[in-house]
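Below is one structure, written out as structure tokens; the observations come after it.
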Amino acid sequence: MAYADQSMSSRRVVAIGIVALLHAVIGYAFVTGLAYNVVKKVAQDLKTFDVEEEPPPPEELPPPPPPEQKVEPPPVLAPPPIVSVPNPTPPPVATVREAPPPIFTPAAPTAPPPPPKPSVASAAKPRGNPMTWVTTEDYPSRALREEREGVTAVAFEITTDGRIENCRVTSSSGSPDLDDATCRNLTRRGRYTPAKDDAGNPLQSSDTRRVRWQMPKN
Numbered sequence: 085m086a087y088a089d090q091s092m093s094s095r096r097v098v099a100i101g102i103v104a105l106l107h108a109v110i111g112y113a114f115v116t117g118l119a120y121n122v123v124k125k126v127a128q129d130l131k132t133f134d135v136e137e138e139p140p141p142p143e144e145l146p147p148p149p150p151p152e153q154k155v156e157p158p159p160v161l162a163p164p165p166i167v168s169v170p171n172p173t174p175p176p177v178a179t180v181r182e183a184p185p186p187i188f189t190p191a192a193p194t195a196p197p198p199p200p201k202p203s204v205a206s207a208a209k210p211r212g213n214p215m216t217w218v219t220t221e222d223y224p225s226r227a228l229r230e231e232r233e234g235v236t237a238v239a240f241e242i243t244t245d246g247r248i249e250n251c252r253v254t255s256s257s258g259s260p261d262l263d264d265a266t267c268r269n270l271t272r273r274g275r276y277t278p279a280k281d282d283a284g285n286p287l288q289s290s291d292t293r294r295v296r297w298q299m300p301k302n
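First residue of the sequence shown: 85, per our numbering; consecutive thereafter.
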């Protein structure tokens, strides 16, 4: 931009100098008495005079970019050779011969054990009719007069010979004389077949009994 202004100023100075020169020539022509044609000719020359402007300098182009450097591709490396490794030879398989199954000789059947002897164990059983062991004939006289009645429950032991002993009252009739008569007559009259074990031996056992005391009917 500064260069273009400087060129325009130079052209103006030249034009002003030319105009001043023409004025001096015209003045001189008037002074010297030049003919009118000279003045007219100069005026026509002034009309046709054209000051040519100097062409602007060419624009400076940007410097060209540096040439691209070729990037060489990396060298292609050949893959390592494939080394084939032979498969290991499996060890030989030994053939195992199966042993023949053992032969079992069945043993002779054993004789079955003898059947057990039948058990002869048994409980004690009364001999005869227990209802006759204590009767109304055994009523105590005083209880008979007073017409007392009741039920006496007793328990006792049975010996190995079938006798009754250790009689005791487990439930009273309410009359001690009736209870005493119950144990006394059972011990005197009661007889049992004694209990036996598996071998048939007599055993001591126990039993219970209930006696109802009731007034005799005439």
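Glycine residues also receive a C-beta, built at the ideal position from the N, C-alpha and C atoms.
Asked: Exposed or buried, what is S225 when buried is set at 16 or more other beta-carbons lying within 10 Å of its beta-carbon?; Found: exposed
Asked: Between the alpha carbons of Q298 and R275, how many angstroms are there, rounded?; Found: 24 Å
Asked: Considering A239, what are the terminal residues of the beta strand (DSSP E) in which it resides?; Found: 234–242
Asked: Between the Cα of T216 and those of V295, S259, A104, spot the shortest distance and give me the residue it belongs to.; Found: V295
Asked: Mind reading off the beta-carbon distance from A283 to S259? Whole number of angstroms is fine, and I expect it under 8 Å.; Found: Wrong, their Cβ atoms sit about 45 Å apart, outside the cutoff.
Asked: Could you tell me which of L270, P193, H107 sits nearest to P214, measuring between CA atoms?; Found: L270
Asked: Using alpha carbons as the reference points, say which of Q288, S203, T173 lies closest to E249.; Found: Q288
Asked: Would R252 and A237 qualify as a contact pair, given that the criterion is a beta-carbon distance under 8 Å?; Found: no
Asked: Within the continuous alpha helix (DSSP H) that includes T219, where are the two ends?; Found: Note, T219: premise wrong, no alpha helix (DSSP H); not H, not E.
Asked: Run through DSSP, which three-state label would A104 get?; Found: helix
Asked: Could you work out which residue in T243, P186, T266 is closest to P210 when comparing CA atoms only?; Found: T243
Asked: If you drop the 5 nearest sequence neighbours on each side, which residues of the same chain put their C-beta closer than 7 Å to that of Q90?; Found: Low confidence applies to Q90: its pLDDT is 48, below 50, so where it sits in the model is not reliable, and the reading given next is rough at best. Closer than 7 Å at the Cβ level, and outside the excluded window around Q90, lies no residue.
Asked: Assign P198 to one of two classes, buried (16 or more other C-beta atoms within 10 Å of its C-beta) or exposed (fewer than that).; Found: exposed
Asked: Taking only three categories from DSSP, how would you classify A283?; Found: coil
Asked: Could you tell me the boundaries of the beta strand (DSSP E) in which E291 lies?; Found: It should be pointed out that residue 291 corresponds to Asp in this sequence rather than to Glu. Note, D291: beta strand (DSSP E), 289–297.
Asked: Kindly indicate which three-state DSSP category S203 falls into: helix, strand or coil?; Found: coil
Asked: Per DSSP, which one or two residues make a beta bridge with I248?; Found: I242
Asked: In angstroms with no decimal places, state the Cα-to-Cα distance between E241 and E230.; Found: 32 Å
Asked: Whole angstroms are fine: how far does the CA of D291 sit from the CA of P300?; Found: 27 Å
Asked: Quick one: give me the first and last residue of the alpha helix (DSSP H) that Q260 is part of.; Found: Just to set this straight, residue 260 is Pro in the shown sequence, not Gln. From DSSP, the alpha helix (DSSP H) with P260 extends over 260–273.
Asked: Can you tell me whether M85 is helix, strand or coil according to DSSP?; Found: Interpretation of M85 is limited by its pLDDT of 46, a score under 50 that renders its predicted location unreliable; the figure taken from the coordinates is listed afterwards. DSSP places M85 in coil when its eight states are reduced to three.
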